[in-house]
Amino acid sequence: MDRKLALPQTQALNQPAQRRRGATGTILWRVAAAALAAGVWTTWTLRGHHTVPGALEGSPDKFDWYALPSSENIEWTTCFKRFKCARLRVPLDWERPEGPKAEIALQLLPATDKDSYKGTILLNPGGPGGAGTAMVHEFGEKIAKITGPEFDLLGFDPRGTGATLPRAECFNSLAESQIWDLQRGLVMNLSDQSIPLARSRAKVLGARCRESLDGNGEAGEWASGQYMGTASVTADMLRIVEKLGQDKLQYWGISYGSVLGQYFAAMYPEKVGRVVIDGILDAYEYQSTQGLNLPHIDAIFGSFFELCHRAGPEKCILWAPDALQIQNRVFAILSAVDREPMPVPFAPKGPTVITMDMLHTIMFTSTYQPIIEFPALARILVALEARNGSALAAVPQLFHAGATCECSAASPWAQLNNEAMYAIMCGDATIRPEHDFTTFFTKLSEMSPFFAPVWALHHLQCTEWQLSAKWKHAGPFSADRTAHPLLILASTLDNVTPLKFAQAVQKRYAGAALLVQNSIGHSTFAAPSLCTARAIRAYFGNGTLPREAALCEVDELPFIGDTTVNASDRGLSAEDADLLDTLKFLSRQMPALHIF
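Position one of the sequence shown corresponds to residue 1 (the numbering used here), numbered consecutively onward.
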């Protein structure tokens, strides 16, 4: 087959070590922020903030965010046992504050060390389109072990996402959206008709979203789709900080969340407190090219073969005496599926046929969180090689979710919303239909011939998007001085936000520190590193910046496992051992929202 990958430079990776206890996991379509979980109520209130009496009743899957009254102040209501929830009313158009309002969903995990209280850290999981409320709900207690117990953690849903209003919804129901998704065509290829098909689908979604998000026809004056841009979200963040009674922003943003951090530091440099941005997408790249992001992805997937070989036959089911043999075996499996797709007639989610295009996308997805996804991919490939339909039937990620009928859907969709993603990303973009997509696709294919067809779809959608953010911050994305220097985090090999982006951003924000984690995958969350976690805690706790050219090693590698035998051999304290367990949990369980 003609989709070849070059093996990576292995010296960038840690050396193999003793095997840790086996950890299980499946390759996940990590486009979903986790659903809200069950809870009772807590009684602690933030100092200085009013709390609405009483508590919302009902199970979390029926939790109705919109039953919460919105207010121009933050009025906390206890929710989900240990959280506070609120909806903050802000101007839809910041240039016309007297007009219609947006209502921003907020969910807060209160600090547990109230005697040493240091304020609130805002969180954004990326996307664009990821819901911060879901992030803090599902992972807030784990993240607090990194930041420290003296901070509140606050997840907010940016405009168009989660429980915030207005929402970016272009279909009449979840089932209608799922049916549309099932009609998706093949992965694009420069040599066939897949690009015209993909462009036609992009036109359809662009037209649907214009109809849904472009107002009531009166010149689209209050069209919600014009007010979901990153500049407006940044202004919302400032208002949240002000309503919390804080002088400056404390923030941790991942992936697209790093764009929000760059916008904020450029627009309000005097309001920058402790701001951590991770998995850096350069704001200039985000606005302009929308997608030439893949210089490292082939090397990351190439490390699949190298790490499998180094791990040995007990840890990698595809092991062979050298990495090239593993690579050849994998491509032989892919070629066989390409020639004869694999039928799976009996499975819990119904029948399917496993195609090369399906595998292509799964392999792309595996580069986000290799620790959990590489071993799962290896098992899928071995099952395909054996034509083992029973084994494949047990892998839920190989099957469409299907259209479902929700009898009660009081809560908003919890997953990453593709319409919100495009409303934000394409609304911010400078590219338009006259853009030469074929030239872009050719350049991207030169960067990554194997994975370009998957990634390019997002760029193509933006060329056919029919709504533009009314308020755009065109730059500069820089600051001669911020009230406090930024902390920038990056992996040595990131699949969609390459290290060069982080290096460029650091140069533009005076005093910013860059910490590089020697790992593969998207953001530093992709691999556990006590070194990185300690640096983050020191930064939030007392403002300490890492030294120049700081490099942190990781404590676990895909296939290989722990880089040491166990915590006691390293002389770790009980606190550090617990922190390492937390980092391992997050590297496996926290979704890497799949665009940036």
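A virtual CB, placed ideally from N, CA and C, is assigned to each residue, including glycine.
Here's a check: name, in chain order, each residue in its chain whose Cβ is nearer than 7 Å to the Cβ of Cys426, leaving out the five neighbours to either side.
Gln461, Cys462 and Trp465
Would you list the one or two residues that DSSP bridges to Gln589?
Gln589 pairs with nothing; no bridge assigned.
Of the residues Phe301, Tyr256, Glu176 and Gln503, the one placed nearest Tyr286, counting alpha carbons only
Tyr256
Buried versus exposed, by CB contacts within 10 Å (16 or more), Asp247:
exposed
Beta-carbon within less than 8 Å of Leu433's beta-carbon, same chain only, minus the 5 sequence neighbours each way: which residues are those?
Before going further, note that residue 433 is Pro rather than Leu in the sequence given. So the list reads Thr463 and Glu464, once near-sequence residues are dropped.
Limits of the alpha helix (DSSP H) - the one that Ala533 falls within
Leu530 to Asn542
Are the segment 266-277 and the segment 164-176 touching, with three or more C-beta to C-beta distances below 8 Å?
Output reads no: the segment 164-176 does not touch the segment 266-277.
Near Val136, what residues of its chain come up, given a Cβ to Cβ distance below 8 Å and the 5 sequence neighbours on each side ignored?
Phe83, Gln107, Leu108, Leu109, Leu123, Ile143, Leu153, Leu154 and Gly155
Cross-strand partners of Pro343 (DSSP beta bridge):
Val353
Which value, in whole angstroms, describes the spacing of the CA atoms of Thr524 and Ile536?
11 Å
Assuming contact is defined by CB atoms lying nearer than 8 Å, are Asp64 and Ile104 in contact in what I supplied?
no
Name the two residues that bound the continuous beta strand (DSSP E) containing Ala490.
Per DSSP, the unbroken beta strand (DSSP E) holding Ala490 starts and ends at Leu487 to Leu493.
Expressed to the nearest angstrom, what Euclidean distance is found between the alpha-carbon atoms of Thr355 and Leu324?
24 Å
C-alpha gap between Met237 and Ile74, whole angstroms
Taking the straight line joining both Cα atoms gives about 13 Å.
Starting from the C-beta of Val454, find all residues in its chain whose C-beta is less than 8 Å away, skip the five residues before and the five after it, and write them out in chain order.
Val187, His360, Thr361 and Phe364
So what does Leu572 bridge to, in DSSP terms?
Per DSSP, none; premise fails for Leu572.
Residues near Cys316 by beta carbon distance below 7 Å, same chain, minus five either side:
Cys308, Ala378 and Phe559
Hey, how far is the Cα of His296 from the Cα of Ala311?
22 Å
Are there 16 or more other CB atoms within 10 angstroms of the CB of Lys114, so buried, or fewer, so exposed?
By the 10 Å Cβ count, Lys114 comes out exposed.
Taking C-beta to C-beta, are Leu545 and Ala513 nearer than 8 Å?
yes
Buried/exposed call for Asn418, threshold 16 Cβ in 10 Å
buried
Give the secondary structure of Lys648 by DSSP, where H, G and I count as helix, E and B as strand, and everything else as coil.
Absent from the model: residue 648. The displayed extent of the chain is 1 to 596, so no value can be given.
Based on Cα-Cα distance, which residue from Gly571, Ser335 and Ala538 lies nearest to Lys145?
Ala538
Rounded C-alpha distance that separates Thr147 from Phe540
6 Å
Contact set for Val382: own chain, Cβ-Cβ below 7 Å, skip 5 residues either direction
Ile317 and Leu318
Hey, out of Phe451, Ala202, Asn328 and Val259, whose CA is closest to Gly129's CA?
Val259
Which residues bound the alpha helix (DSSP H) around Ala256?
The sequence given here places Tyr at residue 256; Ala does not occur at that position. Taken as a continuous stretch (DSSP letters only), the alpha helix (DSSP H) holding Tyr256 covers Tyr256 to Met267.
Val276 lies in the beta strand (DSSP E); which residues open and close that run?
Val272 to Asp278
Among the residues of its own chain, which have a CB less than 8 Å from the CB of Phe305, if the five just before and after it don't count?
Leu7, Ala323, Leu324, Ile326, Gln327 and Val330
Sequence-distant residues of the same chain with beta carbon closer than 8 Å to Phe585, five excluded per side
So the list reads Lys142, once near-sequence residues are dropped.
Quick check on Ile104: does DSSP put it in helix, strand or coil?
In the structure shown, Ile104 sits in a strand (DSSP, three-state: E or B).
Taking its Cβ as the centre, do 16 or more other Cβ atoms sit within 10 Å of Ile520, making it buried, or is it exposed?
buried
Out of Gly253, Ser200 and Val272, point me to the one whose CA is closest to Arg481's CA.
Val272
Determine the DSSP secondary structure at Asn73, reduced to helix, strand or coil.
coil
Could you tell me the distance, in whole angstroms, from the CA atom of Gly160 to the CA atom of Asn388?
Whole-angstrom Cα-Cα distance: 43 Å.
Can you give the Cα-Cα distance for Tyr251 and Gln503, rounded to whole angstroms?
20 Å
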